[in-house]
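In what follows, a single structure is set out as structure tokens and then discussed.
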Amino acid sequence: MKKYLIPLLLLFLAACTEKVDLRSRSDYHEYLAVEATLTDRPEDAQRVILSRTISYFHQEAQPMVRGASVRVNDVVFNEKEPGIYEAPEGYACQEGVDYRLRIRLPEGEEYEAEATMPENGFRLDAVDYAYAGGKTMDSDSLWTLAVWGYEKEIESYFLLTHAVNGLYPPFSMAIVSDDKFFNNAEVAGFPITGLLQSEVFRKQYGDCYKYIEAGDVLTQEIWTLDKGYYDYLVALTMGGTSIPLFTPQPANVPTNIRGEQVLGYFAVCPVSRASVTVDDPFRPYFKRMFPFL
């Protein structure tokens, strides 16, 4: 039972807010915040996001860093939107390759970090959904996504996220986990993600929280993390959500980025992904395994 209880609890433990220093305005120090997580999926935009932290007491939007030079190895990341730097279309990282991130700000400050993609720890073969609660489409409802696949024998760390019609919840609301509840095991119909559909969440975060309807495409992703990035995400998410990251400034969060007054992490991750198209949004639980239900 132990291997099943832990992941069920994870369904309700979405990422939490980072710890913060409650300092006075005069004690506040501005930090560069770096979000740099690249993957092995060439169909996805590979981005480095640069912003500045804001004081705990300030309510304004987090300022983005414009005009920086951003490179990963010899690849230039161009600024597509303020503070959002993208690699050329089709770029993706490869397992076992060493990557170096180099950032130079317009003021001259320089930052560097290295990362190597770990071996993909989970083979995701298929995903299916099930209706799990709620009486009408006018009230909050719950669906789950169950997965089929194999978790490899190697020690692995994971981030679990999902999409509805290609729209993802904020990255900081994903679930991070180790492999203690699977580890070298076939996985068949395991309910790994809960989809809480809420009008309140939809207004705040968009249609990734819409009510599920026939024709919607649900996607489950399992990211394999290196141990350093896993530790970083655990430290970052110990108390609730903060969107974007580092709003306000957190404390005691590890980083692999070298430079003065900088927060964040540079990581490269293999991603396993599978999708399913909704036919009956109120389909009973595990109909894939038990078609007679």
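Here the working numbering is used: the first residue of the sequence shown is 49, the next is one more, and so on.
C-beta atoms are modelled at their ideal positions from N, C-alpha and C, and glycine is treated no differently.
- Within a 10 Å sphere around the beta-carbon of H210 sit 16 or more other beta-carbons, which makes this residue buried.
- For the options A322, L281, V326, T325, the alpha carbon positioned closest to that of F314 is the one of L281.
- Between P218 and N232, the alpha-carbon positions lie close to 30 Å from each other.
- Segment contact: the region 145 to 163 against the region 199 to 210, fewer than three CB-CB distances shorter than 8 Å; contact not assigned.
- Taking a contact as a CB-CB distance under 8 Å, the pair E127 and R114 counts as one, their CB atoms being some 7 Å apart.
- Beyond the five residues adjoining it in sequence on each side, H77 comes within less than 7 Å, by CB distance, of Q309 in the same chain, given in chain order.
- Across the set R321, V326, E137, R89, the C-alpha of R321 shows the shortest separation from the C-alpha of A174.
- Membership of K228 in any alpha helix (DSSP H) is not indicated, and neither H nor E is assigned to it by DSSP.
- In the displayed model, K251 falls within a helix according to three-state DSSP.
- Bounds of the alpha helix (DSSP H) holding A283 are 275 to 284.
- Classified as exposed, A93 has fewer than 16 neighbouring CB atoms from the shown chains inside 10 Å of its CB.
- I240 is a Cβ neighbour of V195, given a cutoff of 7 Å.
- When the five nearest sequence neighbours on each side are left out, the beta carbons in the same chain lying within less than 7 Å of the beta carbon of G138 are those of P90, in order along the chain.
- Boundaries of the beta strand (DSSP E) around T209: 205 to 212.
- Rounded to whole angstroms, Y179 and L193 show a C-alpha spacing of 9 Å.
- In this structure, the CA atom of V123 is about 21 Å from the CA atom of A81.
- Classified as exposed, G156 has fewer than 16 neighbouring CB atoms from the shown chains inside 10 Å of its CB.
- Excluding five sequence positions before and after R331, the CB atoms of its chain that fall closer than 8 Å to its own CB belong to Y177, A178, Y179, given in chain order.
- According to the DSSP assignment, L190 belongs to the beta strand (DSSP E) that extends over 189 to 199.
- In the assembly as shown, V265 is an exposed residue. Its beta-carbon has fewer than 16 other beta-carbons within 10 Å.
- Judged by beta-carbon spacing, R306 lies within the 7 Å limit of E160, meaning their Cβ atoms are closer than that value.
- In the three-state reduction of the DSSP assignment, F125 falls in the strand class, which pools E and B.
- Residue pairing for S323: DSSP places it in a beta bridge opposite T267.
- Ranked by Cα distance from T272, the first of R171, G242, P302 is R171.
- Per DSSP, V301 lies in no beta strand (DSSP E) and is assigned neither H nor E.
- In this structure, L243 is the residue among A84, L243, V324, C141 with its C-alpha nearest to the C-alpha of A222.
- Taking C-beta atoms under 8 Å as the contact rule, L311 and Y79 qualify, at a distance of about 5 Å.
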